[in-house]
Structures are given as structure tokens and as C-alpha cells.
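Student: First the structure, which I've put down as C-alpha cells, then a few questions once you've had a look.
2 protein chains.
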Amino acid sequence: MVVYEWSRVAEEALNPLVSRQMIHTERMTVARLRLRKGALVPEHSHMHEQVTMLIEGQVRFTVGGEVRILSAGELMQIPPHAPHSVEALADSMAIDLFSPVRDDWVRGDDAYLRR
Amino acid sequence: MVVYEWSRVAEEALNPLVSRQMIHTERMTVARLRLRKGALVPEHSHMHEQVTMLIEGQVRFTVGGEVRILSAGELMQIPPHAPHSVEALADSMAIDLFSPVRDDWVRGDDAYLRR
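Quick mapping for you: the protein sequence lines, in order, are chains V and F. Under this note's numbering, the final residue of the first sequence carries the number 115; numbering is consecutive throughout. Under this note's numbering, the final residue of the second sequence carries the number 1115; numbering is consecutive throughout.
Here you go:
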């Protein structure tokens, strides 16, 4: 058993509009992302299944060419390998769940988030 | 891509003190549980890794004989197969994450929650 507290998990500014906290367990990564209005995460894909839970705000996802606006209280499942991008339409906070663990993030391979 | 909205996901009363909403994806189950003060989930275990994010309230977890109180804003990772039980010390809401999918819940094998 391991206990975490969001207020004690390091928050990293990836660029002036995006910051990230993350927790890696055996089979999952749980990340809390803050996106200021106008933040853009460019199209990327990964072998991990993703579920985004939008806690606050509103974002526009493009997944495999399909556009969908996500509001607070909604969740979106993104299949493994699906190309996706995000634009924050308002200051937003999301919890992103991944399985398996985001080994690319663990080893610091996240340049696409830092533009 | 699949979009869900918590307010449209069926909420099932498992007993007078516990209700559950759940979403099953390819590799994960995301469940939102409401536990009224005094609710007890008896000791059980499963092969799925679990991460509990406590959103509101306070609960007492016993995991492998070790007791830990979890407050809102905290998360707890429970390893696969670890015996665990929960008591709600206040009206609480938790998001429980599992990987892989809780096939036992999918097939309705959740009698331990209904006592």
C-alpha cells in the first residue's frame, strides 16, 4: 500500500500554460494536469490506453480526426495508439489515467508537451 | 474514442450506505463510489491493482492488516491480491481505478459489496 497526497506531489511546469503532477503505480499512471486557456497539446499517440476525467474547465479534443468538446464532469476514453491533440477552451484541470504505466514519461520522453 | 458523463452513468445502490457508478474500458475500470458515514466494505481481495482517489470525506482503510486513514485529496495504491477493507468515517466520495478491468463486477460478482 502506498499513499499519495496531491498537495505533496511535485508539480512541473511543462510550458507557461501546462503543468503536470504524476503518480506511477504497477500498472497505471495517474496524472493531474492544469491547462490554462489557450494551452495546446499537439497531436501525439502512445501505446497506453488513456482515460481523461475533466475536473474543471472545458477542452477540445481531436482524436483520430474527430473533434469533441469535453466539459467538467465528463470523461473520455482514448484507445491505444489513437492520435490525439487537445486545446484548452478555458482554464482547466484534468485527471489523466493510463494503463500501462507511461514509461516514456518516467524516462523524461515528453518533449511534445513542452512546446 | 468514447465519452462518458458521470451524471448519465447509472448509479446503483449496493446497500443503503453504498452506491456505485462504473465505467469499463479496454484495460481499466473507473468507478465512482458514494459511501455514507458508517458504510463498511468487508475485507476482500482481487487480482486487479487498485488506486483509490478520495474526493470528499474520510475513510479508514485496512490493507494487509495495516490501518490508514485517507482524507479528501489523498490517493492510495492497493497492490493486486492485497486483502483490504474500508469504513467510511464521514459521508465520502471516491474514484476507484482498477487495471485490468474488473471482470468480476462486469459479470455481477460483487456480493461482498451488498451486505
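Ideal Cβ positions, reconstructed from N, Cα and C, are used throughout, including at glycine.
Just to confirm before moving on: does the CB-CB distance between S1019/F and R1034/F stay below 8 Å?
Tutor: Along the second sequence, one-based indexing puts residue 1019/F at 19. Along the second sequence, one-based indexing puts residue 1034/F at 34. Yes, the Cβ-Cβ distance between S1019/F and R1034/F is below 8 Å.
Student: Over what stretch of residues does the alpha helix (DSSP H) that includes D1103/F continue unbroken?
Tutor: Reading the second sequence from its first residue, position 103 is the one you call residue 1103/F. Start and end: D1103 to V1106.
Student: Run down chain F in chain order and give the residues with a C-beta less than 9 Å from the C-beta of E26/V.
Tutor: Residue mapping note: residue 26/V aligns to position 26 of the first sequence, counting from 1. Those within 9 Å of E26/V in chain F are E1049, Q1077, P1079, P1080 and S1099.
Student: Is the beta carbon of I55/V less than 8 Å from the beta carbon of M1/V?
Tutor: On the first sequence, position 55 is the one that residue 55/V refers to. On the first sequence, position 1 is the one that residue 1/V refers to. No; because the gap between Cβ atoms is not below 8 Å, this pair is not in contact.
Student: Here's a check: name, in chain order, each residue in its chain whose Cβ is nearer than 8 Å to the Cβ of P1080/F, leaving out the five neighbours to either side.
Tutor: Indexing the second sequence from 1 puts residue 1080/F at position 80. Excluding residues within five positions, the ones whose Cβ falls inside 8 Å are H1046, M1047, H1048 and E1049.
Student: Would you mind stating whether I95/V and R32/V have Cβ atoms separated by less than 8 Å?
Tutor: Counting from 1 along the first sequence, the entry for residue 95/V is found at position 95. Counting from 1 along the first sequence, the entry for residue 32/V is found at position 32. Their beta carbons are under 8 Å apart, which means I95/V touches R32/V by this criterion.
Student: Can you tell which of M76/V, G108/V and V86/V has the C-alpha that lies nearest to the C-alpha of A17/V?
Tutor: Looking up residue 17/V in the first sequence gives position 17. Here the sequence assigns Leu to residue 17/V, which means Ala is not the residue at that position. Considering only alpha carbons, the answer is V86/V.
Student: Excluding five sequence neighbours on each side, which residues of the same chain lie with their C-beta closer than 7 Å to the C-beta of D1091/F?
Tutor: Here the question's residue 1091/F lines up with position 91 in the second sequence. Once the five neighbours on either side are set aside, the close Cβ partners of D1091/F are R1036, K1037 and G1057.
Student: CB-CB under 7 Å to P42/V, same chain, minus the five flanking residues each way: which ones, in chain order?
Tutor: By 1-based counting over the first sequence, the position of residue 42/V is 42. Cβ neighbours of P42/V beyond the five flanking positions: S85, Y112 and R115.
Student: So, is V59/V buried or exposed, given that buried needs 16 or more other C-beta atoms within 10 angstroms?
Tutor: By 1-based counting over the first sequence, the position of residue 59/V is 59. So V59/V counts as buried.
Student: Is DSSP giving R36/V helix, strand or coil here?
Tutor: Taking the first residue of the first sequence as position 1, residue 36/V is located at position 36. Coil at R36/V, not helix or strand.
Student: Tell me where the beta strand (DSSP E) around L17/V begins and ends.
Tutor: Your numbering for residue 17/V matches position 17 in the first sequence. That residue, L17/V, is in no beta strand (DSSP E); it is neither H nor E in DSSP.
Student: Run through chain V and tell me which residues come within less than 9 Å of L1070/F, C-beta to C-beta.
Tutor: Stepping through the second sequence from its first residue, residue 1070/F is reached at position 70. Within chain V, the residues near L1070/F are V3.
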